[in-house]
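First up is the structure itself, then whatever we jot down about it.
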Amino acid sequence: MDKKFINNCWRITMLTNILPTNYILLTDGYKANHWEEELGLNIDYRWAVIVPRKVSKYSDIIVAMGQTFLSTMLSSIRITEWMIDEAEVEITEQGYNFNRQGWQVICRMMDGKLPLAVYGVEEGRIVNPQTPIVGIINTQPGFGWLVTYYETFAQEIIWKMSTVASICRSIRVGLTEMCIETGTDVDWVNFMLHNFGDRGADSPDEAPVMAGMAHAAIFDGSDCLRANRYIKKMYGTSRPSTSSIEATEHSIMCAHSDSEKKDDWGAAVMAVDRLYAAVERFNKGVGLPAVSVVIDTYNSRRFVKEYLGTKLKNRILTSGGRMVARPDSGDPKIEPSMVGKDWEDTFGVTLRTVGEKTFKVLHPQNGVIQGDGIRVDTWRGVAEGWKNSGFAMDNFCLGMGSGVTHDGARDDFSFSMKSIADYKNGRWVANLKDPITDSGKKSLSGLVRCREDANGNLEVYDAIQEGSIFSFLDSTPGWRLWSKDGFREFRQAWDDVKTRARSI
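Numbering (our numbering), first residue to last: -13 to 490.
Quick look at the structure:
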């Protein structure tokens, strides 16, 4: 795997332009002396797992994600002499003794490859709390300290991607229910939560990429351009995994408007012109025949009802494309249905009866997207506001910004990585954390892993209790060997990840 890809794959690109990544420093400072604290314990091997310990306030569904990203990164790391020299300076300055000998063995005798094996469930699996998603073990005796040394690195990937996927899947489930209720084709759900989140992310690079990939496992619509290229690279696919449509922003709308008169007629004309361009591209096999236009530069009602819906109606109809109106102010629970009413008054709607209820379906060349005010805890009220106004979910969608990239936190699902078994003095010994002050923080204990039962369901078991110690490192359905000693092993197809994550 080429170094340029890896350098861009991890850590903030702008920062690696200043300093190259030192992989010895990808940890919490307090871990620097743990190797010394374990001297004399004769620990040959260590087994640690990453576990979501509870459901969150946002979702009772947990989607396992990040195993491909983590195994790709750990298998690509090569420890070099300059990293050791620099790390010794940085760690010593913090007041710790540096494990120079341990790192030099990795650098000189293992070609810089980390002596670690990463196991875990398949990505996209729906797991219960207290289910190990990932297990990590050292592959060479005496390097047990290395397993938990990289907890910071490993957890950052697994909790972030699993949390984003879990939040997005819970939204997908809710939107699917609304589509069924209103008779909307459930395939439309794939495009009903568009990722607007890059600018609201925690960092300029790693969070948008990890969050963008996790979102893409659940929905197809996204403005995260970088997610596509990393999915292609890590999953070995050449097909695009996300899509977007042409969309205006306020700078474009204002540039085509008369600010003195507060008149955006010129912007409306421009938007329709762009719709024709989008349709032309689509006819050549590029993109989708739709344009999203911001409508609230001055007066949303005038823009949709008078400009788009009346003066430019025939041009929109003739284009063959779909004009999607995007309100960016007002009450998110009310404004979308007001835009829907503007479309209804000008283009008309069709009626659909589902059971005892009748819903209005927008003209196929009209659409509404609500991106303002969409967060993990607000989306439902916005979607229900649209539905309760009598509209079917056809041609309606949401755009979520920092709700995708930033709202979720490690504590939401209480993600934890704990060492739960050590091999010392010739036998495996179970470890256990069980604080009397918080039973929710009780750890797993033993050689705990997952496997599939006869029905293909995931089950958790302890190889020590079961007496199957010699097979607990077997790679089987439900528990794969993802990487080992600097090389990737199990490679999951992206389509399989999506199928698992989207199953309801």
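Heads up, the beta-carbon is just placed ideally off N, CA and C, and yes, glycines get one too.
Under the three-state reduction of DSSP, R466 is assigned to strand. Non-local C-beta neighbours of E22 in its own chain, meaning closer than 7 Å and more than five positions away in sequence, comprise N83, ordered along the chain. Between the stretch 461 to 475 and the stretch 22 to 41 there are fewer than three inter-stretch CB-CB distances shorter than 8 Å, so the stretches are not counted as touching. When C-alpha distances from K319 are compared across N124, G359, P421 and D420, the shortest belongs to G359.
Q141 carries a helical assignment under DSSP once its states are collapsed to helix, strand and coil. Boundaries of the alpha helix (DSSP H) harbouring T304: K299 to S305, taken from the DSSP string. The residue from M220, G426 and R185 with its alpha-carbon nearest to that of F476 is M220. Looking at the DSSP output, I355 shares a beta bridge with C383. A distance below 7 Å between beta-carbons, with the five flanking residues on each side excluded, links A378 to the following residues of its chain, in chain order: T168, G169, T170, R338, F345, K346 and V347. The stretch 378 to 390 and the stretch 6 to 15 do not touch, with fewer than 3 CB-CB distances between them shorter than 8 Å.
For L211, the number of other beta carbons within 10 angstroms of its own is below 16, and it is reported as exposed. In the three-state reduction of the DSSP assignment, H349 falls in the coil class. In this structure G183 is not in contact with T364, their Cβ atoms being roughly 15 Å apart against a cut-off of 8 Å. With fewer than 16 neighbouring CB atoms inside 10 Å of its own CB, H236 falls in the exposed class. Taking all protein chains in view, the Cβ of P313 is crowded by 16 or more other Cβ atoms within 10 Å, so the residue is classified as buried. A check of alpha carbon separations from L294 across D250, A263 and D188 identifies D250 as the nearest. Residue burial annotation: D317 is exposed, with fewer than 16 other C-beta atoms found within 10 angstroms of its C-beta. For Q451, the CB contacts under 7 Å within the same chain, skipping 5 residues up- and downstream, are G432 in chain order. Across the structure, A73 and E445 are spaced so that their CA atoms are roughly 41 Å apart.
By the Cβ neighbour-count rule, M256 is buried, with 16 or more other Cβ atoms within 10 Å of its own. In the DSSP assignment, H180 is bridged to G385. In the structure shown, G121 adopts extended strand secondary structure according to DSSP, grouped into three states. By the neighbour-count definition (other C-beta atoms within 10 Å, threshold 16), Q356 is a buried residue. In the three-state scheme derived from DSSP, where H, G and I count as helix and E and B as strand, D259 is classed as helix.
When the five nearest sequence neighbours on each side are left out, the beta carbons in the same chain lying within less than 6 Å of the beta carbon of V172 are those of T162 and C165, in order along the chain.
Restricting attention to alpha helix (DSSP H) runs no shorter than 4 residues, the stretch 179 to 211 encloses them at 192 to 202, ordered along the chain.
Judged by beta-carbon spacing, S148 lies beyond the 9 Å limit of R474, meaning their Cβ atoms are not closer than that value. Beyond the five residues adjoining it in sequence on each side, R466 comes within less than 7 Å, by CB distance, of Y105, G106, E108 and F476 in the same chain, given in chain order.
Burial is judged here by how many other beta carbons sit within 10 angstroms of a residue's own beta carbon; F456 has fewer than 16 and is exposed. Distances from the alpha-carbon of G222 to those of G198, V483 and I490 put V483 closest. Here T234 is buried. Its C-beta has 16 or more other C-beta atoms within 10 Å. In the three-state scheme derived from DSSP, where H, G and I count as helix and E and B as strand, Y409 is classed as strand.
Here DSSP, grouped into helix, strand and coil, assigns R111 to coil. Annotation: E76 to A187 spans about 28 Å, alpha carbon to alpha carbon. Straight across, the Cα-Cα distance linking I422 with K428 is about 9 Å. When beta bridges are read from the DSSP output, A213 appears opposite no residue.
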